[in-house]
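The structure appears below as structure tokens.
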Amino acid sequence: MTARSFLALIKTETAVAVEYRTRILIWVLSSVFPLLMLAVWLSVEQTSGDRLPWSRGELIGYYFAAAVVSQLTSSFLTWAWDEDMRSGALSFRLLRPMHPFFQYLAREVGFRLVMAGFLVPSLVAATFAWDDLTYSLTPARGLLVIVTVLCGFLLNVLISMTFATAAFWSTQMANLYSLWWGAGAFLSGWIAPTELLPAPVRVASYLLPFRSSMGLPLDILVGRSTAAQSTAGLLVTAFWFLVFTWAFTRLWRAGLRHYQAVSG
Amino acid sequence: MSFLGRSLAGQFVTRMDVALEARYSSAEGDRGCQDLHPVITVDGLVKHFRVHRREAGMRAGLRGLVHREYALVRAVDGISFRVAAGEVVGFLGPNGAGKTTTLKCLAGLLYPDAGALDVAGFRPFERDQDFLGTITFVMGQRNQLYWDLPAMETFHANREIYRIPRSDFEATLDVVVNLLEIGPYLDRPVRNLSLGERMRCELAAGLLHRPRVLFLDEPTLGLDVTAQAAVRRFISHYSHDYSATVLLTSHYMADITALAQRVLVIDHGVLRHDGDLAALVAQRAPIRQITVTLTGDVDDRALARFGNVVNRSKLSAVIEVPRDSISAVASQMLTALPVSDVSIADPPIEEVIDRLFTERDG
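For the record, the sequence lines run as chains A and B.
The numbers in our numbering rise by one with no breaks, and the one at position 167 of the first sequence is 167.
The numbers in our numbering rise by one with no breaks, and the one at position 61 of the second sequence is 61.
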């Protein structure tokens, strides 16, 4: 595989992603869920006064950005893999002289690019339209946000690919991944900024991989992460990246021997 | 050299081609040396599957929660064969005989439980990228094309994935589009194509990288006769012009008789025949059929004297006669009956194959 062939595949997958306008609209609309959490936290902020360490502006900035970041870093690869395995489409991916990991990665990148094309300009427009929504970003911090979003996305793809590969043994991996995803919703900073979680849970969220794709870039974006904390967050991301790379390569090698190439 | 060959000869030499050219140069140049240079070698291939077994009904379903029963399916049970460069081999057998499983092992999709496989100098299951660029596996009614995009988008994606130089790609595409007559469909989303149109585009997508080994699993399944003929014509052209090695399964005997010089008959995972089609018919059909056209009415009993009458109308009859007495019987009929025309043929190949498997079941 070459970088050129990977880029060509991303181009094709992007073309697939833009094919259905209704699907794009539904996905964009599904981005509003973090804003429901914002409504909850704003009412908490009103009643708790100074006891809440986050300001109203920080909460608004966090959850508006969460609506975008959650779409850019999530991965639905495990479900796609499950469907491909049952339909026989996985066999065609295995027959191409390009590792299926990169084929699925291209698919995810294509879709996220389309989402980014809608959501990022919408967020920028919202900052102009609403005074309460502001980000005081330095170029360095802006760059760090982009880097952490990319790292979070790649880690999520790798994790979902690892779960997908385990489907060589069990047909229930998509359901197991849903459980993982549910746990991640709580520990990633989706339900609450991780800083506001109870201490033991907060420590767990800092050490586990979930925060890498959500809380870490958002904390940096709203200015709630020091340079040391950001570095630590990136090191945790790198650690889990290594862990899942190891797990994926092991599972892949062993799993291929179990593949039954059903449906066709 | 044919149109296909003339258009592309000398133009499309990829890294894989060079490697294969060196590896099989004598097989290319001299068909007489084919046996020395098999492109496909299968030696004692075994592939078994452990499948969950469960009776119908709620009680069986609940029992399955605590105790699962499994059965061993011997999909392929120790088959061996070789295929030389440029050979087109038909793979015959009833459903579940092990044909597709064998093809999947050869394409590197399935890991064999036992046996040795070699395809174009590669061990398929290692899934070397050069190996994957050397083969194609077309599965009837299975889709490798991007469903939501015009087929042309898949072709371009494949150009990059298989690293086909642009000029070679365009030359191959031109030929493939003409032979398969898919020009009018290339700008329509695949989901809007008919099965026949889509299948032809599938073939094109599978062959743009000019594979040297083709695994075709029911490539004409569900197609109308026109589309079937177009696909057959194309496979024939392709295999001839590039000495491509083809292993083909089909339930349409017309595909096998039109394309394959040799057939492998597999049943219950065991190879039951390996040889040319005519030999199979001679071996498995000890009778031939004489079709006579009569100029006047003839009594049934008069016809029955010559053999087993399997079809009868007022002025014609089809009579089965033992193979070794066919000449004598035909001669006697010409003198004894008011005959205007006689033709002798083997029974339809479908009947021969059916007889082969029915004998086994009996």
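Every residue, glycine too, gets a C-beta built ideally from N, C-alpha and C.
Since this is a predicted model, take the numbers as computed values, not measurements.
Handout entry: Per-residue burial, P348 of chain B [other beta carbons within 10 Å of its own, 16 or more giving buried]
Key = Around the CB of P348 of chain B, fewer than 16 other CB atoms lie within 10 Å, so the residue is classed as exposed.
Handout entry: Beta-carbon neighbours of P321 of chain A, restricted to chain B and to distances below 7 Å
Key = Limits of chain A in this structure are 1 at one end and 264 at the other, which puts residue 321 of chain A out of reach.
Problem - Opposing strand residues paired with H52 of chain B [DSSP bridges] - result: BP columns for H52 of chain B point to B:Y70.
Handout entry: Among B:H37, B:R232, B:V83 and B:P38, nearest to T257 of chain B - alpha-carbon criterion
Key = B:R232
Practice task
List the whole-angstrom C-beta distance separating V292 of chain B from S316 of chain B, where the pair is believed to meet the contact cut-off of C-beta under 8 Å.
Solution key: 7 Å
Handout entry: Neighbour flag for L256 of chain A against chain B, beta carbons, 9 Å
Key = Yes, contact with chain B.
Practice task
Return no unless some Cβ of chain A is closer than 9 Å to the Cβ of M199 of chain B.
Solution key: no
Practice task
Quick one: measure Cβ to Cβ for V68 of chain A and L36 of chain A, integer angstroms, because I've assumed they're closer than 8 Å.
Solution key: With 8 Å as the limit, V68 of chain A and L36 of chain A do not qualify as a contact, their Cβ atoms being about 15 Å apart.
Exercise for the section: Taking P2 of chain A and R163 of chain B to be in contact with their CB atoms under 8 Å, please state how far apart those CB atoms are, rounded to whole angstroms. Expected result: Sequence check: residue 2 of chain A is Thr here, not Pro. Rounded, the Cβ-Cβ distance is 7 Å, consistent with contact.
Practice task
Measure the alpha-carbon distance for P100 of chain A versus L109 of chain B and round it to whole angstroms.
Solution key: If you draw a straight line from the Cα of P100 of chain A to the Cα of L109 of chain B, it is about 13 Å long.
Practice task
Could you say which of A:I24, A:R51 and A:L256 lies nearest to T165 of chain A if we only look at CA atoms?
Solution key: When C-alpha distances from T165 of chain A are compared across A:I24, A:R51 and A:L256, the shortest belongs to A:L256.
Problem - Secondary structure of D354 of chain B, DSSP reduced to three states - result: The answer is helix: DSSP assigns D354 of chain B an H, G or I state.
Practice task
Look at D132 of chain A and R56 of chain A and say whether their C-beta atoms are less than 9 Å apart.
Solution key: yes
Exercise for the section: Taking 8 Å as the threshold, find out whether the region 146-159 of chain B comes into contact with the region 112-128 of chain B through three or more Cβ pairs. Expected result: no
Problem - S261 of chain A and K104 of chain B closer than 9 Å at C-beta - result: Strictly speaking, residue 261 of chain A in this sequence is Ala, with Ser absent from that position. Yes, these two residues count as a Cβ contact at 9 Å.
Practice task
Could you tell me which residues DSSP puts in a beta bridge with E320 of chain B?
Solution key: B:Q289 and B:N308
Handout entry: Test: E286 of chain A CB closer than 9 Å to a CB of chain B
Key = Nothing about residue 286 of chain A can be read from this structure; chain A reaches only from 1 to 264.
Exercise for the section: Please work out which residues of its chain come closer than 6 Å, Cβ to Cβ, to R102 of chain B, disregarding the five sequence neighbours upstream and downstream, and give them in chain order. Expected result: The sequence shown places Thr at residue 102 of chain B, rather than the Arg named in the question. Counting only Cβ-Cβ distances below 6 Å, and skipping sequence neighbours, we find V76.
Practice task
Below 6 Å CB to CB, which residues in the same chain sit around F131 of chain B once its five sequence neighbours on both sides are set aside?
Solution key: Taken in chain order, the residues that qualify are F122.
Problem - Through-space distance from V51 of chain B to F102 of chain A, alpha-carbon basis - result: Cα to Cα, F102 of chain A sits roughly 31 Å from V51 of chain B.
Practice task
Check T136 of chain B in the structure and name its three-state DSSP category.
Solution key: strand
Problem - Cα-Cα separation between A140 of chain A and L176 of chain A, rounded to whole angstroms - result: A140 of chain A and L176 of chain A have their C-alpha atoms some 38 Å from each other.
Practice task
Starting from the Cα of L207 of chain B, find the closest Cα among B:L259, B:V265, B:D224 and B:M139 and give me that residue.
Solution key: B:M139
Problem - Under 7 Å by beta carbon: chain B residues contacting S5 of chain A - result: E160, I161 and R163
Practice task
Run through the region 152-214 of chain B for me and flag every whole alpha helix (DSSP H) of 4 or more residues, listed as ranges in chain order.
Solution key: Here the runs fully enclosed are 166-180 and 195-207.
Handout entry: Own chain, CB closer than 8 Å to D82 of chain A, minus 5 neighbours either side, in chain order
Key = A164, A167, T171, M173 and A174
Exercise for the section: Answer with yes or no whether the minimum CB distance from L248 of chain B to chain A is below 9 Å. Expected result: no
Practice task
Give the residues of chain B in contact with Y259 of chain A, contact being defined as C-beta atoms less than 8 Å apart.
Solution key: L109, L110 and Y111
Problem - Given F53 of chain B as reference, the closest of B:T226, B:L65 and B:G183 once Cα atoms are compared - result: Note on residue identity: the sequence assigns Arg, not Phe, to residue 53 of chain B. The shortest Cα separation from R53 of chain B among B:T226, B:L65 and B:G183 belongs to B:L65.
Problem - Nearest to H268 of chain B (by Cα), restricted to the options B:T41, B:A60 and B:I79 - result: B:I79
Practice task
Please confirm whether T363 of chain B and Y252 of chain B have their CB atoms less than 9 Å apart.
Solution key: Nothing can be reported for residue 363 of chain B, as the shown portion of chain B is limited to 1 through 362.
Practice task
Just the C-alpha distance for G96 of chain B and L106 of chain B, rounded to the nearest angstrom, thanks.
Solution key: 17 Å
Problem - Min CB distance F125 of chain B to chain A below 9 Å - result: Yes, its Cβ sits closer than 9 Å to a Cβ of chain A.
Problem - Neighbour flag for Q283 of chain B against chain A, beta carbons, 9 Å - result: No - not a single Cβ of chain A is within 9 Å of the one on Q283 of chain B.
Exercise for the section: Go to T245 of chain B, then tell me how far its beta strand (DSSP E) extends in each direction, as first and last residue. Expected result: Element bounds for T245 of chain B: T245 to T249.
Problem - Outcome for F306 of chain B when other beta-carbon atoms lying within 10 angstroms are tallied against a minimum of 16 - result: Classification for F306 of chain B: buried.
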